Structure formats: structure tokens, C-alpha cells
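Q: Heads up, the sequence shown is in the numbering used here, so the first residue is 293 and it goes up one at a time.
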Amino acid sequence: MDQPVRRRSPSAAWFAQRGWKPFAFQKEVWQAVKAGESGLLHASTGSGKTYAVWFAALDRFATPSPDVTASPRPRKKPVMAPLTVLWITPMRALAADTARALQAPLDDLQIPWDIGLRTGDTGSSERARQSRRLPSTLITTPESLTLLLTRVDAREAFAHLRMVVIDEWHELLGNKRGVQLQLALARLRLWHPPLLVWALSATLGNLEHAREVLMPAGRLVQGKLAKDLRIDSLLPAGLERFPWAGHLGLRMLPQVVEELEASSTTLVFTNTRSQAESWYQALLEARPDWAGLLALHHGSLSREVRDWVELALKEGRLKAVVCTSSLDLGVDFLPVERVLQIGSPKGVARLMQRAGRSGHAPGRPSRATLVPTHSLEVLEAAAAQSAVAERKVEARLSPDKPLDVLVQHLVSMALGGGFRADAMLAEVRSAWAYRHLSDEEWQWALAFIRHGGHSLTAYPDYRRAEPDASGLWQVPDARLARRHRMSIGTIVSDASLAVKYWSKGGGGGSLGSVEEGFIARLRPGDTFLFAGRTLELVRVENMTVYVRRATSRKAAIPRWNGGRMPLSSELADAVLAKLDAAAQEEFVGPEMQLLRPLLDVQQAWSALPGATTLLAEVLKSREGWHLFLYPFAGRSVHLGLASLLAWRLAREQPLSLSIAVNDYGLELLCPSEVDFAARLTPELFSTDDLLADVMASLNAGELARRRFREIARIAGLVFSGYPGAPKSTRQLQASSALFFDVFSQYDPGNLLLGQAQEEVLRQELDVQRLQSTLQRLQSRRLDIRTVKRATPFAFPLLVERFRESLSSEKLADRIRRMVADLEQAAGPGGYQDPAFAIDDERPAPRKGRSPRQGKDGLPRPPAQRPKKRR
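#1: Assuming contact is defined by CB atoms lying nearer than 7 Å, are A249 and E719 in contact in what I supplied?
#2: Enumerate in chain order the residues of its own chain whose CB-to-CB distance from V325 is below 8 Å, with the five nearest sequence positions on each side excluded.
#3: Is it buried or exposed, D980, if we count other Cβ atoms within 10 angstroms and call 16 or more buried?
#4: What would DSSP say about P759, mapped onto helix, strand or coil?
#5: Is it the case that the Cβ atoms of V628 and R649 are separated by a distance below 7 Å?
#6: Between P858 and chain D, is any beta-carbon pair separated by less than 7 Å?
#7: What did DSSP end up calling D1105 once you bin it into helix, strand or coil?
#8: Identify whether L540 lies in helix, strand or coil by the three-state DSSP scheme.
#9: Just list the alpha helix (DSSP H) runs in the region 519 to 590, keeping only unbroken ones of 4 residues or longer that don't cross its boundaries, in chain order.
#10: Between the Cα of S964 and those of Y956, S978, A942 and A952, spot the shortest distance and give me the residue it belongs to.
#11: Taking its Cβ as the centre, do 16 or more other Cβ atoms sit within 10 Å of Q474, making it buried, or is it exposed?
#12: In the region 409 to 444, which residue ranges form an unbroken alpha helix (DSSP H) of at least 4 residues, counting only runs that do not cross its ends?
#13: Check the C-beta distance from A934 over to L972 and give it rounded, since I have them as a contact under 8 Å.
#14: Do the region 658 to 667 and the region 630 to 646 make contact, defined as three or more Cβ pairs closer than 8 Å?
#15: Extract the residue ranges of the beta strand (DSSP E) inside the region 721 to 773, only unbroken runs of 3 or more that lie entirely within it.
#16: In whole angstroms, give me the CA-to-CA distance for Q309 and P302.
#17: Enumerated in chain order, which unbroken segments of the alpha helix (DSSP H) with a length of 4 residues or greater are wholly contained in the region 1027 to 1094?
#18: Counting C-beta neighbours from all protein chains within 10 Å, is the total for R1138 16 or more, i.e. buried, or is it exposed?
#19: Please state the DSSP three-state secondary structure of L506.
#20: Quick check on K792: does DSSP put it in helix, strand or coil?
#21: Which one of F561, L921, V549 and Q766 has the shortest CA to CA distance from Q1074?
#22: Taking only three categories from DSSP, how would you classify Q402?
#23: If you compare alpha carbons, which of E460, D524 and L521 is closest to A502?
#24: Check whether the Cβ atoms of I431 and A354 lie closer than 7 Å to each other.
#25: Under the assumption that W897 contacts T1083 (Cβ atoms under 8 Å), give the Cβ distance between them as a whole number of angstroms.
#26: I believe S493 touches H334 by the beta-carbon criterion, under 8 Å. Please report the beta-carbon distance rounded to the nearest angstrom.
#27: My assumption, with CB atoms under 8 Å, is that I811 sits in contact with V837. Please give the rounded CB distance.
#28: Whether or not the region 698 to 714 and the region 902 to 913 are in contact is what I'm after, with contact meaning three or more pairs of Cβ atoms, one per stretch, closer than 8 Å; do they touch?
#29: Quick one, are the C-beta atoms of L1069 and I1003 less than 7 Å apart?
#30: Cα-Cα, which of W939, L1066, G415 and E504 is closest to P923?
#31: Would you mind sorting W736 into buried or exposed? The rule is 16 or more other CB atoms within 10 Å of its CB.
#32: Using 8 Å as the Cβ pair cut-off and three pairs as the minimum, do the region 418 to 432 and the region 607 to 615 touch?
#33: Would you call the region 429 to 449 in contact with the region 366 to 384, where contact means no fewer than 3 C-beta pairs closer than 8 Å?
#34: Return the chain-ordered list of same chain residues with a C-beta closer than 6 Å to the C-beta of E883, the five sequence neighbours on each side being excluded.
#35: Verify whether the separation of the beta carbon atoms of A676 and L643 is less than 7 Å.
#36: Grouping DSSP H, G and I as helix and E and B as strand, with all else coil, what is S618?
Following this line, the structure appears as C-alpha cells:
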């Protein structure tokens, strides 16, 4: 008699094939899904999160198959299961890699499931195939999911959906894309109340909030593995005692080359695409024999280039890749041995995420080496190591009631079979971001999609959805339906132009895209650096930049928006802890030992900032009266704080104040005499009437007008254009500004105006953090020091102000002179970068100073400078 074929779960069968043993957290997820529970899985990068949820889905929903060793491969092509699992990824670059990881167990275990991708990169033929039948597992983005929900047969297409997996949840939680996903999940849950939802993340500081946003009563699973995360620094031979930000730290190039030489494969992370272009070119010039072994990867390069780099990384064919956040997330590059971070990561979570790109497998160590680009980044490097060791990860909070996302979603759902108002209100309120949506706000949203609100009633283009006689809201106009489908999403950026090689017959190869604002500054014949190549601009036509190879060595570097990341609170606190220790003569670690000459000068001339004191430096120079404050709250908070303090000071006494800020502090400069020491009272830092004072201290109307462009695009007021004929940034800004003015004059109660103001306060000025910063400053002891010259912490703020009015050549020349004067005043013990030294053949100024400088190291007013001899 034949023995029955032994059947095992997919997880047990596949792990047994490889001789693996599942981790405890993987078993916990499998059991939770088996019991019908949703949840959040938080575990370190490369620890096995993907297979934890994937095999949970296969164990519960896949048809059990015989043991693969006891059954031959089927000859007939099996019938594939309907759409069962929806896998949400925040980045298109992750989709292909995720598909490869999920496909392997299906092939090995002969499970009749197929996997498909649906992102902005998906071709028309694949989209047509999916319109007939969705795959068993669909990997997609929040935008593409919403687009699928606009199908008239969306409910039937998702009829067999059982589980949703959200990868890298921390990347979506704190922005409008996450809110868009919340609304999409509310619709899927309406259709399938038992729907299982699992989120994956490696770097979250507020786990309960992250879980609650997705599911009111889900399970929190912690993958507590002993992941060896090593953070160290690549330090220069010496540090300038008067640092300044703005250069890219290329004097560290020889040491970076040595580190790359010593490793098989390295990811070199930069914080901006411009920085990535510069470092890639510099590395290639330093090691031309690495041509073909070095690669460049950032979001503005073409998809073909990015795909090639990612595949070459996986296959171990590259020595190093210079990249940006485009490679931050979950792509599994096992050959990567280590990570270099150029400049400060500015946040603990970002550093941990990037470090996890190396050793991306359970049990393998991850290593990240910080490469500071100026002296104070050495301090951030030391602080980052401590913060990572203590796992002080930043929190992320979901936005609250963004009405532009809501009205876009309502039109989408009107396309996807329609909705009834009362039922839709309950559905929307089930999304965490809209749990407190009022009846008045709901009625405004319905009126907005019906006729554009009070001031747009006469214009048919804004009648995007309306109820029929039965109360079913639908989109009545096919043209408006097409326009809406092309505009779905919450990612708004400046208009980009495609970059292609020039060829007489057309059809030149594509290189990627650059922002319109950069190209507008160039003329035909000018050269710029892009995709690791020096290119000459030939012409701009039909939103396409045509280029040819150039031989010129001097080239402009494209500047993309969003380059400056503020210092996080967690990293700032770690920096202050290091300074407190230094004040007690504790210089632990090579970074702090290297910084000691700088900190000694700071302490000798003034004092060190600390966690319990607020250091204020008052300086009188030939420019005027300076106040330097060091709250260590990040650039955006310091901008709001400087504007607030300037406004409050000027309210009591007419003053003209200039402002400069960086991540560490702020400067107020007044050309007329002001007694800053006497004016620094507790009332100046009060949180009373904070909102009104902040709005009065800034050009809040102009800030809100700029923010309104994004809101108008998401809400559907402004159409970005058809494929191949997009509107320019100037056109979009003009259109949105017109709406802003019309609403302000004729519909002041329009809720989108209020949203623009609220987003300016929350995102650009970070008023909530500003308020908490003021409260913390009130609890600190004010330490006012009168200084004779700019201190090491004040000097970078001077450079920030000079940068606004000087070209890069003049700025560098001024910095050289100022540094020389300050170093002479500081005495022996300093380090002068040879690449930044003053030309020895230049006549030395009398007493070591430039005739254009005073004793304080600052420029003399023209009237006080010595006259040149004829």
C-alpha cells in the first residue's frame, strides 16, 4: 500500500532545504498571521523581515504542495492563484529586487503563484496584461495602488485579496504618501473586513504610533537580534580651528581611495545628488584604472542606468557606487562589504539605515564609516556613534487631516465605481489621519470636488464629481477623468527636463533628468557635470535637454532641490552631551581628541555650549553689533527662532537686523548699537502668542503662497500637463498663485488656504519643535560672553551670511584671509589645510592682517580701508 505523501508548510519545507533555522521573531509572525492578526514587525536591516511576512502569507494562503523531493515537476503549466497579497514599496527601485526575493521560494516549492510589478516604470503591455488579470502577488507603490482603485471594476479585481504588506513603513509614515496609503487601505478594509495588514521597518523611534496609524489593535513584533552595527570615522591629519561648511571635503579623497582599495565592494553615500556627481568624478580622476568598476546612482539618472548599477552590485562586479538616498532602502546587495558616508548623516535613523546596506544578511556585521567634510562634522561623527550605540532613533509622526490628499482621494473613488457620501465619511474617518475630520470639513470637501468651492462655481473644469439622482457620486466628464488619473499622487517637485545625447537623426540615448531651474541658467555651449560625464549643452527643445560630450574640465554641477537636511533632535542632544564632557576635560575617542585644539580655543575665547546652558556671544565689529546663540535645534528651527527674536527685539526698539543660521546656532547682526546682553530677557524666549509672533516675524504670506503650489497640484486645481507636454514650473507657480489670490480675496474661508499656512508652520518652520526649543531654552542658564573676535563656533555663521552676497571665488578669498587672521590670534596649535592656504607669494599684510580686515577678523567698511598708493 502506498504511503501518503508527507506535506509540510512552505516555510518548513524551504528552510529545511537550506538547512536554516527560523528566528524567534519569524516564528512569531507566522503564528500571528495564522491566527488572523495584523501587526508591525520592527527588526534590524538584513535580519530576515521579508521572509518573515512572505512565508507567513504562503503558509496561510498558498495551496499546500507535496514535498518537492517526493514529487516530479509538473508538466502542465499550473493555474495561477488570483491576487492574494499586495506588497507596498515606497520606491520603484525596490520593486524589482523584492520580486526576485519573493520569486525564489515559489520556484523551489512549485507554488502556483505569480508575481507582478505595478509602478511608474511598468510598461504599457504589462499594464494591459494586468487589466485583464492581476497577479497572485502585486508589488506596487501608494500612487499606483490608488490608480488601480480608480478602475470601475476595482472591487472585483481585489475580490480575493487577503493580505497587505507595507515595506519600509518608516519612509511613508511621516508624509502625505503615507496618508494616501491610509485612505487606500480604508477602502480595501471596507471590501474585506478581515484583511491582514503587516508593516515592516528597521528604524523607528515611536513604534506604538507607527503601529496605531495602520491598525488600532495589531501586534508589535520586535526582531531582537544581536546585529553587529559598527560606526567609525575616517579622520584627517588635522582640523582647522575655524571651520566652515560649504566645501565638499575632497581633501579626504586620498584616504577614501585607500578605504575603497581595502574593500571588495563599497557604497559611498552622499547627502545630495550634486555631491554624488562631484565625488564620482573626483574618484575617477584619482583612479582612472577603476573605470567600469566605479558607478553613480541617484534618482535623476535614467531607469536603465539605475537598473544596470543595481544588477552589477548584486553580481559583485563593481568596486564602489557613489549614491544618494536612492539606495537607502531594502535592496539586498550581499556583496557590499562596507559603507562610507560623506558628510554628516544629520540623523540617527538615516545612518543606521545606510549602515545596514552592508552585511545585508543575518549574522553579518554592518559597518559605516563617516567621512567629515569640515571640522564640526567630526563632532557630529562622535555624537552619532554614541547615539547609534544607544539606539536613539528619531520619531516620525503621521500628518493630520491634509485636505488636499482627501479631495484627490474622493475624486479617485468617484472614478472607481463611485461612492455614497455617508458611507464614504465613515470610511475616511477610519483612516488615522482623518479620525477627527469634522462635519464642516467634510461638507467643504464635497463642495470642493463638486464645483471648486465658493469662488470657482462658474468654471466647469472644477466640477469633477457630483451625485446622481440616487446619491452616487461619480465623475461625469471623461476628459476630467483622464486628467485626474494622470495627476494622482502626492510627490510634487520642480519640473524636470529629460537629458539626451544630440544626434542629427534624433533618438539620442537618454541620461536622466535635471531640474528646469538649473538649465535655465545655461546657454548653448556651456558645460555641466551629469551622470559622471562632462556634457556640453546643445539646445533645449520640447522639455528635453540635448547634449554632447565635452572636453572642458570646468563644468557647472546641477543643483537639485531638497539638499539641506536639518540636524535631528536626537543627534543634536548627542552633540551637546559630547560638549558637556569636553567642558569637563573628557575627550574620549579619536574624534574628540582631534577636535581638542578647536574646543580649547572656543573655551579660551568664550565657552562651550552645553545641555544645561544657552551660550550667547556678543561681538562688536566694524560691521556692527553681533549676537551669536547656540540652541543646537537644527537649521529650520533656527530660522524661525532667529526671525522671531529679531521681530521681538525690533518691536521694542527700531532695529535693522540681518540673520544667518546653521544647524548649531544663529547670528543676529545690527549695524546700529544694541545692547544684546541687556535685551536677552526670559520674555524674549516666551512661548506666549508664539503663533501670532511667528506669522508676524516672517513673510508668512509669501511662504504660504509657495507652499500652496504643492497643495493646488495635489488637490487638482492645477494640472501639470499631458505626457510629452508638461507645464513649466513658472506656469504652475503662476496658476497656483492666481488661485491663492482669488481665494484670499473672494473665498477667505477656503480650507486649503489654512492648510498652506499650517504646513508652512509645521514643515518649513517646524513650529512645534520651535515651541519645545523655546521651553528648553527657558530652563537653561543663560551664559552671555562678550568676545573680541569670531570664535570657532561663530565663524561658520559668518560664512553663511557672506555666502548670500558673494560669489564662490570671492567667498573663498575672504575666508582665507579671515582664517589666517584668526589663526594668528589663536596662537600655536592650529592646522592649516595646504589646499586652502594663502598663496605664499602674495605680499603679507602688516601685522599679519589684510588691510581690508580689522582686529576682529571681519571686513573693514570701505571708508575705513587704507587707500592704495598710486
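C-beta: ideal position from N, C-alpha, C; glycine also.
Since we're looking at a predicted model, the values are computed, not measured.
A: Result, derived from the coordinates:
#1: Residue 249 lies beyond the stretch modelled for the chain, which goes from 293 to 1162, so this question has no answer here.
#2: For this step, residue 325 is matched to residue 33 along the sequence shown. If we look at V325 and ignore the five residues flanking it on each side, its Cβ neighbours are V345, A348, A349, D351, R352, M455, L488 and W490.
#3: As a position in the sequence shown, residue 980 is number 688, starting the count at 1. Exposed: under 16 other Cβ atoms inside 10 Å.
#4: For the purposes of this step, residue 759 is taken as the residue at position 467 of the sequence shown. In the structure shown, P759 sits in a strand (DSSP, three-state: E or B).
#5: Indexing the sequence shown from 1 puts residue 628 at position 336. Indexing the sequence shown from 1 puts residue 649 at position 357. Against a cut-off of 7 Å, the Cβ pair of R649 and V628 comes out as a contact.
#6: Absent from the structure: chain D. Only one protein chain is present.
#7: Taking the sequence shown and counting its residues from 1, one reaches residue 1105 at position 813. Of the three classes helix, strand and coil, the one that applies to D1105 here is helix, per DSSP.
#8: Along the sequence shown, read from residue 1 onward, the residue named residue 540 stands at position 248. Here L540 scores only 47 on pLDDT, less than 50, and its place in the model is too uncertain to base an answer on.
#9: 545 to 553 and 565 to 578
#10: As a working mapping, residue 964 is identified with position 672 in the sequence shown. When only C-alpha atoms are compared, the closest one is A942.
#11: The residue labelled residue 474 in the question sits at position 182 within the sequence shown. That one is buried.
#12: 416 to 424 and 434 to 441
#13: Mapped onto the sequence shown, residue 934 falls at position 642. Mapped onto the sequence shown, residue 972 falls at position 680. In fact, because the Cβ distance is near 14 Å, the residues do not count as touching under 8 Å.
#14: yes
#15: 764 to 766
#16: To locate residue 309, count along the sequence shown from 1; it is residue 17. To locate residue 302, count along the sequence shown from 1; it is residue 10. Approximately 11 Å, taken between the alpha carbons.
#17: 1043 to 1051 and 1059 to 1071
#18: By 1-based counting over the sequence shown, the position of residue 1138 is 846. At R1138 the pLDDT is 35, less than 50, meaning the model places this residue with poor confidence and gives no usable figure here.
#19: Reading the sequence shown from its first residue, position 214 is the one you call residue 506. In this structure, L506 counts as helix in the three-state DSSP scheme.
#20: Within the sequence shown, residue 792 is the residue found at index 500, counting from 1. Looking at K792 - three-state DSSP - the assignment turns out to be strand.
#21: The sequence position of residue 1074 within the sequence shown is 782, counting from 1. It should be noted that the sequence gives Leu, not Gln, for residue 1074. Comparing Cα-Cα distances from L1074 to each of F561, L921, V549 and Q766, the minimum goes to L921.
#22: Residue 402 sits at position 110 when you count from the first residue of the sequence shown. Coil, per DSSP.
#23: Position 210 of the sequence shown, counted from the first residue, corresponds to residue 502. Measuring from the Cα of A502, the nearest candidate turns out to be E460.
#24: On the sequence shown, residue 431 is found 139 positions in, with the first residue counted as 1. On the sequence shown, residue 354 is found 62 positions in, with the first residue counted as 1. Contact: no.
#25: Here residue 897 is taken as the residue at index 605 of the sequence shown, counted from 1. Here residue 1083 is taken as the residue at index 791 of the sequence shown, counted from 1. About 5 Å separates the two Cβ atoms, so the contact holds.
#26: To locate residue 493, count along the sequence shown from 1; it is residue 201. To locate residue 334, count along the sequence shown from 1; it is residue 42. That belief holds up - the Cβ atoms of S493 and H334 are roughly 5 Å apart, short of 8 Å.
#27: Here residue 811 refers to the residue found at position 519 of the sequence shown. Here residue 837 refers to the residue found at position 545 of the sequence shown. About 6 Å separates the two Cβ atoms, so the contact holds.
#28: no
#29: In the sequence shown, residue 1069 corresponds to position 777, counting from 1. In the sequence shown, residue 1003 corresponds to position 711, counting from 1. Contact flag unset, no.
#30: Mapped onto the sequence shown, residue 923 falls at position 631. That would be L1066, whose Cα lies nearest to the Cα of P923.
#31: Taking the sequence shown and counting its residues from 1, one reaches residue 736 at position 444. Answer is buried; the Cβ neighbour count reaches 16.
#32: no
#33: yes
#34: What you label residue 883 is simply residue 591 of the sequence shown in a count that begins at 1. Cβ neighbours of E883 beyond the five flanking positions: S525, V670, A673 and A674.
#35: Locating residue 676 in the sequence shown gives position 384, counting from the first residue. Locating residue 643 in the sequence shown gives position 351, counting from the first residue. Their beta carbons are under 7 Å apart, which means A676 touches L643 by this criterion.
#36: Within the sequence shown, numbered from 1, the residue matching residue 618 stands at position 326. S618: helix per DSSP, three-state reduction.
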